[in-house]
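Here is the structure we will look at, set down as structure tokens.
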Amino acid sequence: MTELLALHRTTKRYGAVVANADISLSLKAGEVHALLGENGAGKSTVVKTICGLVEPDSGFLSWRGERVILTGPADARAKGIAVVFQHFSLFDALTVAENIALGLDNGRADSALADRIRDLAQRYGLAIDPSAVVGNLSVGEMQRVEIIRALMQDPQLLVLDEPTSVLTPAEVEALIRTLRLLADEGRGILYISHKLGEIRQLCDRVTVLRSGKVVGETDPKASTPDQLAEMMIGQRLTAPSGKPPVNSDARILLEVEHLNAPAGPLGLSGLHDLTFTVLAGEIFGIAGVAGNGQKALLAALSGEFPVSSDSMIRLNGVAIGRMPPQARRSRGLAYVPPDRLGTGAVPDLDLSENALLSAYRRLAMAARGLLHPGKASHFAQQIIRQFDVRSAGLSARAGSLSGGNLQKFIVGREMLQAPSLLLAAHPTWGVDAGAAAAIHQALLDLAASGAGILLISEDLDELLALADRIAVICDGRLSKPMAVADADATTMGLLMAGEAVDAAH
Amino acid sequence: MLRIEPRPTPSRRMTLAAPLLALALTVATGATLFSALGHDPGAALYHFFVGPISDRYGLAEMGVKAAPLILIALGLSLGFRAGIWNIGAEGQLIFGAICGGGVALALYPYDGAWVLPLMLVAGVAGGMVWAALPALLRTWRNTSEILTSLMMVYIAALVLRLLMNDLLRDPDGFSFPESRLLTNGALLPIILSETRLHLGAAFAIAAALLVWILTRHTLIGFQIKVAGLAPNAARYAGFDHNRLIWLTFMISGGLAGLAGVGEVAGPIGQLVPVVSPGYGFTAIIVAFLGRLHPVGIVLAALVIALSYLGGENAQINAGLPLAVTGVFQGLLLFFLLACDVLIQYRIRWRRAP
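So the protein sequences, as listed, match chains A and B. So in this note's numbering, the last spot in the first sequence is 1817, and the numbers never skip. So in this note's numbering, the last spot in the second sequence is 359, and the numbers never skip.
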């Protein structure tokens, strides 16, 4: 097979941080090549190097065996390199054809273009209507628009950055078929992901990155998922020890009944008639593709946007639907929010002040309006010790901690308030595997001690590993909860795509 | 080659050094400007910066001018820290002056011991009332407080002018648009004999202390800080943003009102159509020059007060135009903003590649 693009020992530094060190990578025509690595392993820097956005400090690139310098995205495009980024760059108000025309040098959204789009769509199984307005499309459809836009230039090398993080399982299957088709035509594909299953299913070669370095290159089909995970993480992970099953007569801690909320401020989507309970000692999981009402549900439960009627939400039997957040906290609610920097913690404040943020009321750190700094720093110290938070100490700014350590700090701050119910949203999103394992263990331990946990996550594996019962949220509606033993990937996939929600009721 | 690189963490030292550096650059630019105008730069700078405060009276005058600036800037700094922008302190000052002065004029010629306290309360209340409308519109209808508070300034100025021509005009004043002179009991006591330094200066220092305690040691201060640094985190923590809007507007409006009644019951001694040389707007510069910190604000207010005095003195003694005051204030703000870049960035010499 002919080599298309190769990186030869490229290194890129940002200040003191080495994002890429000595990366060598060879991408061949007709091959699907995976780049595997955790968040922060340096995958994005590789992508930016390939599309000409970043010039390596040392090392060089070659295209079809000849040394090249890519001066920018336009140059890369001219060579035949197309990139589909994780974050779409589409205009919601324009149609599919208009969006694609914008990416062409002299493109007009005429009928000839519409025909070309339909042609490509049919050939590669990317069902899309050229006259549809992008704002009305689902996330999966938007991604198809991006792929078609990339294919318009007939690229030799197609780069996809984390393409499946927002797709349902069925959409992932369709994407994999499309990519196989493209590779069989002799195009090269670089597939960037941290999902082992997809990589083993789709890719011919895999290059594993860890802390900016290539740690191995292998045939993914000849490796077990455990071997790939070990290469990616650099250590063998111990499975979290379980927790006792939920008692059949366990107390109901959280009772949500016919929860309705209109689509509202800050772009929150609506909620339609959600009903579920969380029992003492139980981890209740809510799965779903991002943007299907998770934020609105969290806002309703945490009290950031109280709902219209008190009795829609009961905590320990008390109707709390219209209470503000601090009143709910003093009744035993704790909350790990989905976004750690800027919501769960204030980046510019130190750890001791960040300990105050959610705990001042339940742990009485502000008597009669006066702060008690001693109590706050003592509490922060306790979090750091018990949750093994690596930092420069109490006076370290929250923004200076790594993602995993800051997340451990936030999880610790919420758990050490001895909540009766913990609301945890994507608790291990974007954290290193070691921290994720520690957080999982802490969640199990908290549930074992008798608290209830509502775990909202987009990571199915995480939910299936931890939850006792699980339900799927789609378009603001919740499927009927099922025991995790009954939840298989196919059913979950259908529910996440909104196809079987009614049947499940 | 000169390169500007982001710092890994903001420099604490530069946070303190930037205002001093800006001051030095302002003086240097001023000297260049003076010599370009054909003046001896040394003498001109002396008349501007040293002359006005070379005696006891001059120093007291600096305090007279600084007191309202400190009061207003302290109040504004609380809102600015929380990302709440009260731009209308000038209007709140004017309405405070109207209410405080109005009480004295209504009671005239009564001169009892409780007139002055009542005036002060009325002044504070007046500033609060004038600040309440932007706060109400913001919390109720989400209207930009920047616009509404600013527009209220012009309404207040016109209300004062209307009253000067009508209701509050001195009946024995030959139709001059001015009120009666206030009785002695309605004037703030002088705290430094044979100067004009009045009790308002003591209020300013006390307010600085209170604001320092508020920001440093109270839950409200913590909430203000979080709301400014990370609004989402404030919502997550359950801090009531509308309450913070009301609180900061009431404190800044009240302090501006106090500054207004302080002018009427202090150096002016009566209600006149123009009660402030723009203290309410200049205090915005003072607040930022002082890093929104109470101690910084006191120092910054003294510098700006000096620029008012310096302009007058340079006009009298060196024949420079009064506009020099505005030029210096503008230069100072300009250089401060430029120097602030050094907090987040550093300049490095590097050989061209």
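Where is the CB? At the ideal position from N, CA and C, for every residue including glycine.
For A:Arg1456 and A:Thr1519, what's the separation of their Cα atoms in angstroms?
Cα to Cα, A:Arg1456 sits roughly 26 Å from A:Thr1519.
Residue range of the alpha helix (DSSP H) that B:His223 falls in?
From DSSP, the alpha helix (DSSP H) with B:His223 extends over 205–223.
So A:Glu1770 contacts chain B; which residues on that side make the cut at Cβ distance below 9 Å?
Those do not exist, as A:Glu1770 stays about 20 Å from chain B at its closest Cβ, beyond 9 Å.
Is it right to say A:Thr1655 is buried, meaning 16 or more other beta carbons lie within 10 angstroms of its own, or is it exposed?
By the neighbour-count rule (16 or more Cβ atoms within 10 Å), A:Thr1655 is buried.
Please classify A:Asp1585: does DSSP put it in a helix, a strand, or coil?
Correct three-state label for A:Asp1585: strand.
Listed in chain order, which residues of the stretch 1631–1642 of chain A have Cβ atoms closer than 9 Å to some Cβ of chain B?
Cβ contacts with chain B: Pro1636, Pro1637, Gln1638, Ala1639, Arg1640, Arg1641.
Using a C-beta cutoff of 9 Å, does B:Gly89 count as contacting chain A?
Answer no: the Cβ-Cβ gap between B:Gly89 and chain A never drops below 9 Å.
Helix, strand or coil for B:Leu80, going by three-state DSSP, please let me know.
Three-state DSSP puts B:Leu80 in a helix.
Is A:Thr1530 helix, strand or coil by DSSP?
A:Thr1530: strand per DSSP, three-state reduction.
So what does DSSP say about A:Val1813, is it helix, strand or coil?
Unreliable positioning characterises A:Val1813 in this predicted model, as indicated by a pLDDT of 46, which lies under 50. The coordinate reading is nonetheless provided below. Looking at A:Val1813 - three-state DSSP - the assignment turns out to be helix.
Exposed or buried, what is B:Val56 when buried is set at 16 or more other beta-carbons lying within 10 Å of its beta-carbon?
Exposed, because fewer than 16 other Cβ atoms sit within 10 Å of the Cβ of B:Val56.
With distances taken Cα to Cα, identify the nearest neighbour of B:Glu184 among B:Gly48, B:Gly275, B:Gly44.
Comparing Cα positions, the closest option is B:Gly275.
Using the Cβ count rule (16 or more neighbours within 10 Å means buried), how would you classify A:Gln1434?
So A:Gln1434 counts as exposed.
If you measure from the beta carbon of A:Leu1724 to each beta carbon in chain B, is any gap under 9 Å?
Sequence inspection shows Gly at residue 1724 of chain A; the Leu mentioned does not correspond to that position. It does not: the Cβ of A:Gly1724 has no partner Cβ on chain B nearer than 9 Å.
Just to confirm the assignment: which complete beta strand (DSSP E) runs, minimum length 3, are found wholly within the stretch 57–115 of chain B?
Counting only runs of 3 or more, we get nothing.
Which of helix, strand or coil does DSSP assign to B:Val292?
In the structure shown, B:Val292 sits in a helix (DSSP, three-state: H, G or I).
Would a C-beta distance cut-off of 9 Å place B:Ile211 and B:Ile76 closer than the cut-off?
Contact flag set, yes.
Do we get a CB-CB distance below 9 Å when we pair A:Leu1316 with the residues of chain B?
It does not; no Cβ of chain B falls within 9 Å.
Short of 7 Å in beta carbon distance, which residues of its chain neighbour A:Leu1382, apart from the five on each side in sequence? Order them along the chain.
The residues are Gly1364, Leu1373, Ala1388.
Along the alpha helix (DSSP H) that carries B:Val165, what are the first and last residues, could you check?
Note, B:Val165: alpha helix (DSSP H), 151–171.
Within 9 Å (strictly less), CB to CB, does A:Gly1304 reach chain B?
Because residue 1304 of chain A is not part of the residues shown, which for chain A are 1313 to 1817, the question remains open.
Can you name, in chain order, every residue of its own chain whose Cβ lies under 6 Å from the Cβ of A:Gly1593, other than the five neighbours on each side?
Here the set comprises Val1558, Ala1562, Ala1759, Gly1762.
Quick one: is A:His1738 buried, meaning 16 or more other Cβ sit within 10 Å of its Cβ, or exposed?
A:His1738 should be labelled buried.
Using only the alpha-carbon positions, how far apart do B:Val292 and B:Arg241 sit?
Approximately 30 Å between the Cα atoms of the pair.
Whose CA, out of A:Ala1704, A:Arg1461, A:Leu1653, lies closest to the CA of A:Ala1413?
If we check each option's Cα against that of A:Ala1413, A:Arg1461 comes out closest.
If we cut at 9 Å on Cβ distances, does B:Asp178 have a partner in chain A?
B:Asp178 does not count as touching chain A.
Tell me, please, which residues DSSP counts as bridged to B:Pro12.
In the DSSP output, where bridge partners are listed per residue, B:Pro12 has B:Tyr351.
Three-state secondary structure (DSSP) at A:Thr1322?
Three-state result, A:Thr1322: strand.
Could you please give the first and the last residue of the uninterrupted alpha helix (DSSP H) stretch that includes B:Asn148?
It is not in any alpha helix (DSSP H) - B:Asn148 carries neither H nor E in the DSSP assignment.
Please check the pair A:Ala1541 and A:Glu1770, which I expect to be a contact at CB under 8 Å, by giving their CB distance rounded to whole angstroms.
19 Å between Cβ atoms; not a contact.
Along the beta strand (DSSP E) that carries A:Ile1501, what are the first and last residues, could you check?
Element bounds for A:Ile1501: 1500–1505.
List, in chain order, every chain A residue whose beta-carbon is nearer than 7 Å to that of B:His223.
Residues of chain A passing the Cβ test: Leu1682, Leu1683.
Could you please tell me which residues of the stretch 229–251 of chain B, in chain order, have their CB closer than 8 Å to any CB of chain A?
Hits within the stretch, in order: Lys231, Val232, Leu235, Ala236, Asn238, Ala239, Arg241, Tyr242, Ala243, Gly244, Asp246.
Nearest-angstrom Cα distance between A:Asp1677 and B:Glu200?
For the record, residue 1677 of chain A in the displayed sequence is Met; it is not Asp. When rounded, the distance between both Cα atoms is 50 Å.
To the nearest angstrom, how far is the alpha carbon of A:Thr1803 from that of A:Glu1458?
A:Thr1803 and A:Glu1458: Cα-Cα distance of roughly 28 Å.
Are the beta-carbon atoms belonging to B:Glu269 and B:Ser282 less than 9 Å from one another?
Closer than 9 Å, so yes.
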